[in-house]
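Protein chains in written order, with our numbering: chain A, 1 to 167; chain B, 168 to 182.
We put the CB at the ideal spot given by N, CA and C, even for glycine.
Note that the structure is a prediction, hence the values are computed from the model and not measured.
The next block holds one structure in the form of structure tokens; read it before the comments.
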Amino acid sequence: MAEAEGESLESWLNKATNPCNRQEDWEYIIGFCDQINKELEGPQIAVRLLAHKIQSPQEWEAVQALTVLEACMKNCGRRFHNEVGKFRFLNELIKVVSPKYLGDRVSEKVKTKVIELLYSWTLALPEESKIKDAYHMLKRQGIVHSDPQIPADRTLIPSPPPRPKNP
Amino acid sequence: LGEESEERDDHLLPM
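Shown next as structure tokens:
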């Protein structure tokens, strides 16, 4: 078990999205989530780092980054939701799926996952109105044709952290 | 004030 001592958000994310990982490594994913919760500006820094990884030309790195993003949405609470709910971050996701930006160079798997995440957040976080604006814009542009089917285990149901800490 | 100006600067990507 690696300990968080001396680890930064960037080092956790590099480990969690390492293209050499044979499968998603939840120790690092949860380590990243925990680090966000520890740092004053954790969510702001984290979304910037995540946007960069999600735009990786390496599909596996981008897919892992999207899994990390999904985990953060479940485990990092309102502070993180607020950052994701800003156009500054949403625009980075839009770039991934839009042919006007990176869309032509991004795999279908990554684009599908981005659209699924956006749609699931429009349902789970109606108070984050910019997420809806972004999603509806993608529909108007014909980038999203119909709402995706979200598997039951992928909906954003707020859950208690997997490793509750005793103060 | 900072938050207000951040809100003003937060725009959807032009398509």
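*Please classify Q35(A): does DSSP put it in a helix, a strand, or coil?*
In the first sequence, residue 35(A) corresponds to position 35, counting from 1. Helix.
*So is R78(A) buried or exposed if we call it buried at 16+ other beta carbons inside 10 Å?*
Taking the first sequence and counting its residues from 1, the one referred to as residue 78(A) is at position 78. Under this definition R78(A) is an exposed residue.
*Within the chosen definition, does the segment 38-57 of chain A reach the segment 75-95 of chain A through at least 3 CB pairs nearer than 8 Å?*
As far as the Cβ criterion goes, the segment 38-57 of chain A touches the segment 75-95 of chain A, which means the pair count is three or higher.
*CB Q35(A) to CB L9(A), shorter than 7 Å?*
Taking the first residue of the first sequence as position 1, residue 35(A) is located at position 35. Taking the first residue of the first sequence as position 1, residue 9(A) is located at position 9. Annotated as proximal: Q35(A) and L9(A), with beta-carbon spacing under 7 Å.
*Would you say Q64(A) and T17(A) are within 7 Å of each other, going by their C-beta atoms?*
Within the first sequence, the letter at position 64 stands for residue 64(A). Within the first sequence, the letter at position 17 stands for residue 17(A). It is a contact, given that the beta carbons lie within the stated cut-off.
*Beta-carbon proximity list for Q141(A), same chain, < 8 Å, skipping 5 on both sides*: For the purposes of this step, residue 141(A) is taken as the residue at position 141 of the first sequence. Closer than 8 Å at the Cβ level, and outside the excluded window around Q141(A), lie S98.
_Inter-residue spacing [alpha-carbon to alpha-carbon] between N21(A) and L117(A)_ = Counting from one through the first sequence, the residue named residue 21(A) turns up at place 21. Counting from one through the first sequence, the residue named residue 117(A) turns up at place 117. Roughly 22 Å separates the two Cα atoms.
_alpha helix (DSSP H) segment containing Q44(A), residue limits_ = Looking up residue 44(A) in the first sequence gives position 44. Q44(A) -> alpha helix (DSSP H) spans 42-54.
*Contact with chain B by S89(A), beta-carbon distance below 7 Å*: Along the first sequence, read from residue 1 onward, the residue named residue 89(A) stands at position 89. Correcting the residue type first, residue 89(A) is Phe in the shown sequence and not Ser. It does not; no Cβ of chain B falls within 7 Å.
*Establish whether the CB of Q44(A) and some CB of chain B are separated by less than 7 Å.*
Sequence index remark: in the first sequence, residue 44(A) carries index 44 (1-based). Residue-level contact by beta carbon fails for Q44(A) and chain B, as no gap is shorter than 7 Å.
*asked:* Using the three-state DSSP reduction, which class does C72(A) fall into: helix, strand or coil?
replied: Taking the first residue of the first sequence as position 1, residue 72(A) is located at position 72. In the structure shown, C72(A) adopts helical secondary structure according to DSSP, grouped into three states.
*Counting only the same chain and skipping the five closest in sequence on each side, list residues whose C-beta sits under 8 Å from that of Y101(A).*
Position 101 of the first sequence, counting from 1, holds the residue named residue 101(A). When the five nearest sequence neighbours on each side are left out, the beta carbons in the same chain lying within less than 8 Å of the beta carbon of Y101(A) are those of I94, K95, in order along the chain.
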